[in-house]
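Peer 1: Okay, here's the structure, questions in a sec.
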Amino acid sequence: MLSREAPPNNVTILKYIKTIGYEWLYFTKAQPLDIWSEEEFEELYEDILEYKAVVRNNTDIGYSANLLKSMHNFAKSKYNLPSVNFQHAKNGRRVRAELISPQAYQAIITQILGSVDILEREMFALLFILVYRTGMRKKELLGLKYNDIEGLKAATPSVVISPIAIVQLRLKVVFAAFPYLPS
Numbered sequence: 017m018l019s020r021e022a023p024p025n026n027v028t029i030l031k032y033i034k035t036i037g038y039e040w041l042y043f044t045k046a047q048p049l050d051i052w053s054e055e056e057f058e059e060l061y062e063d064i065l066e067y068k069a070v071v072r073n074n075t076d077i078g079y080s081a082n083l084l085k086s087m088h089n090f091a092k093s094k095y096n097l098p099s100v101n102f103q104h105a106k107n108g109r110r111v112r113a114e115l116i117s118p119q120a121y122q123a124i125i126t127q128i129l130g131s132v133d134i135l136e137r138e139m140f141a142l143l144f145i146l147v148y149r150t151g152m153r154k155k156e157l158l159g160l161k162y163n164d165i166e167g168l169k170a171a172t173p174s175v176v177i178s179p180i181a182i183v184q185l186r187l188k189v190v191f192a193a194f195p196y197l198p199s
């Protein structure tokens with residue numbers, strides 16, 4: 017009994033709740049965490065830390081990242097969650113699409129259209145455009161279907177982004193149409 021670890025005190029629990037608890041509960045509401053992959057947890061933690069940095073205007077997210085890491089490691093040992101790589105705990109920064117200037121965006125599109133194989137250039141440019149304009153993640157891009165494209169015969173087709181009942185999109189827009197304009 018003497019060698020047993022003491023339970024965390026109320027001050028420690030309150031620190032976790034104030035620092036990461038509310039956001040963690042908000043972003044994981046009604047999600048089946050027991051079947052999530054390593055990548056899904058990494059995206060969750062990126063979303064939480066980005067929310068804290070952008071919406072809550074927290075300049076230092078390193079402490080929050082360390083608490084998330086500590087909480088995840090505890091859950092990993094108790095509930096067999098997958099291991100997660102925490103980039104934020106090391107440097108506290110992550111590049112977001114908003115940090116790319118319109119000039120850099122145009123330069124990248126021009127570079128893609130000028131140097132990539134002709135069979136792949138439009139597809140690659142479209143993927144970059146969608147990532148830049150919507151902030152979509154890999155799995156969201158892979159979830160797009162042929163019927164998500166409107167006006168295929170028109171001069172400017174658009175990709176329609178809408179929520180799917182099963183997959184929760186992490187976009188700020190619920191319904192949106194993004195025209196495909198590579199130049």
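Under our numbering, the letters of the sequence shown match residues 17 to 199, in that order. Cβ coordinates follow ideal geometry from the N, Cα and C atoms, glycine included. Keep in mind it's a predicted model, so treat the numbers as computed, not measured.
Using CA coordinates, which residue listed in Thr-35, Pro-23, Glu-59 and Asn-26 is at the minimum distance from Lys-155?
Peer 2: For the purposes of this step, residue 155 is taken as residue 139 along the sequence shown, with counting starting at 1. Comparing Cα-Cα distances from Lys-155 to each of Thr-35, Pro-23, Glu-59 and Asn-26, the minimum goes to Glu-59.
Peer 1: Would you say the region 37-45 touches the region 56-72, given that touching needs at least three Cβ pairs under 8 Å?
Peer 2: Contact between the region 37-45 and the region 56-72 is present, because at least three Cβ pairs lie under 8 Å.
Peer 1: Quickly, what does DSSP pair Glu-166 with across the bridge? List them, please.
Peer 2: Counting from 1 along the sequence shown, the entry for residue 166 is found at position 150. Its beta-bridge partners are Ser-174.
Peer 1: Sort Tyr-148, Ile-134 and Ala-141 by Cα distance to Ser-117 and report the nearest one.
Peer 2: In the sequence shown, the residue the question calls residue 117 occupies position 101. Looking at the Cα atoms, Tyr-148 is the closest of the given residues.
Peer 1: Among Val-176, Ile-134 and Leu-160, which one has its Cα closest to the Cα of Glu-166?
Peer 2: Indexing the sequence shown from 1 puts residue 166 at position 150. The shortest Cα separation from Glu-166 among Val-176, Ile-134 and Leu-160 belongs to Val-176.
Peer 1: For Leu-84, which option in Lys-161, Tyr-95, Asn-96 and Phe-102 has the closest C-alpha, if you only look at C-alpha atoms?
Peer 2: Within the sequence shown, numbered from 1, the residue matching residue 84 stands at position 68. Leu-84 has its Cα closest to that of Phe-102, out of Lys-161, Tyr-95, Asn-96 and Phe-102.
Peer 1: Among Arg-72, Phe-144, Asp-133 and Glu-136, whose alpha-carbon lies nearest the alpha-carbon of Ala-123?
Peer 2: Position 107 of the sequence shown, counted from the start, is the residue given in the question as residue 123. Looking at the Cα atoms, Phe-144 is the closest of the given residues.
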